[in-house]
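With this note's numbering as the guide, the letters of the sequence shown map in order to residues 4 to 125.
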Amino acid sequence: IFCVTGIACAGAIDDGNCPGAQDGLAFGSFCDLVRTGVYGCRPYTALNQKPAFTVPPTINCAGNPAGSTPVSVVGAMQDFCAPEPVCSANRFGNCPGTQSGLTQATSCTVLPNGVHGCVFAS
Numbered sequence: 004i005f006c007v008t009g010i011a012c013a014g015a016i017d018d019g020n021c022p023g024a025q026d027g028l029a030f031g032s033f034c035d036l037v038r039t040g041v042y043g044c045r046p047y048t049a050l051n052q053k054p055a056f057t058v059p060p061t062i063n064c065a066g067n068p069a070g071s072t073p074v075s076v077v078g079a080m081q082d083f084c085a086p087e088p089v090c091s092a093n094r095f096g097n098c099p100g101t102q103s104g105l106t107q108a109t110s111c112t113v114l115p116n117g118v119h120g121c122v123f124a125s
């Protein structure tokens, strides 16, 4: 977990602050779209050098019986669909249930960084 001063890059905030270089974050970070399709901080790979890859588009959940909102799951390689209100930030909400590509249910919990997120049920 890294701290920033002022307004952080998150969600719809595309011009927020990101952590600078420090232990565990050798070159600092920058504000960019993340895998879930919202803004977040991504690490530089070298001094002021952004990674060569781009973030893949989020899953399209329109009309999906599992829910209309793409949601990431800690440890999963893709996003899955869940109904609103979804588990995110300071909200205890819905997480993806079993669906194509997801053979087990997930649940909402407070993650080590202090925000709510979906994890595989234990």
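Note that the Cβ used here is the ideal one computed from N, Cα and C, for glycine as well.
Where ASP18 and ALA108 are concerned, what is the direct C-alpha to C-alpha distance, given to the nearest angstrom? The count along the sequence shown starts at 1 and reaches residue 18 at position 15. The count along the sequence shown starts at 1 and reaches residue 108 at position 105. Taking the straight line joining both Cα atoms gives about 35 Å.
Subject >> Extent of the continuous beta strand (DSSP E) to which THR112 belongs >> reply: In the sequence shown, the residue the question calls residue 112 occupies position 109. Note, THR112: beta strand (DSSP E), 109–113.
Worksheet item: Taking the C-alpha atoms as reference points, what is the distance between THR48 and PRO54?
Response: Taking the first residue of the sequence shown as 1, we reach residue 48 at position 45. Taking the first residue of the sequence shown as 1, we reach residue 54 at position 51. Cα to Cα, the separation comes out at about 6 Å.
Taking only three categories from DSSP, how would you classify ASN63? Along the sequence shown, one-based indexing puts residue 63 at 60. Correct three-state label for ASN63: coil.
Item checked: Distance between CYS90 and ASN51 (C-alpha atoms, nearest Å) -> For the purposes of this step, residue 51 is taken as residue 48 along the sequence shown, with counting starting at 1. For the purposes of this step, residue 90 is taken as residue 87 along the sequence shown, with counting starting at 1. Roughly 33 Å between the two C-alpha positions.
- Message: I'd like to confirm the pairing. Which residues does DSSP put opposite PHE30 in its beta bridges?
- Response: As a first step, residue 30 must be located in the sequence shown, where it is residue number 27. None, per the DSSP bridge assignment.
Quiz prompt | Backbone secondary structure at PHE48 - three-state DSSP | solution = Taking the first residue of the sequence shown as 1, we reach residue 48 at position 45. Here the sequence assigns Thr to residue 48, which means Phe is not the residue at that position. In this structure, THR48 counts as coil in the three-state DSSP scheme.
key: Of the listed residues ALA15, ALA85, CYS6 and ASN93, nearest to GLN102 (C-alpha basis)   = Sequence index remark: in the sequence shown, residue 102 carries index 99 (1-based). Among ALA15, ALA85, CYS6 and ASN93, the Cα nearest to that of GLN102 is on ALA85.
In its own chain, which residues sit with a C-beta less than 7 Å from the C-beta of THR8, not counting the 5 before and 5 after it? For the purposes of this step, residue 8 is taken as the residue at position 5 of the sequence shown. Taken in chain order, the residues that qualify are ASN20.
When you compare the CB positions of SER75 and ASP82, do they come within less than 7 Å of one another, or not? Residue mapping note: residue 75 aligns to position 72 of the sequence shown, counting from 1. Residue mapping note: residue 82 aligns to position 79 of the sequence shown, counting from 1. Contact flag set, yes.
Expressed to the nearest angstrom, what Euclidean distance is found between the alpha-carbon atoms of ALA79 and GLY23? Taking the sequence shown and counting its residues from 1, one reaches residue 79 at position 76. Taking the sequence shown and counting its residues from 1, one reaches residue 23 at position 20. Whole-angstrom Cα-Cα distance: 27 Å.
Which of the three DSSP states, helix, strand or coil, is assigned to THR72? Numbered from its first residue, the sequence shown carries residue 72 at position 69. THR72: strand per DSSP, three-state reduction.
Please determine, among ALA11, LEU105 and VAL113, the residue with the shortest C-alpha to C-alpha distance to GLY96.
Looking up residue 96 in the sequence shown gives position 93. Closest option to GLY96, Cα to Cα, is VAL113.
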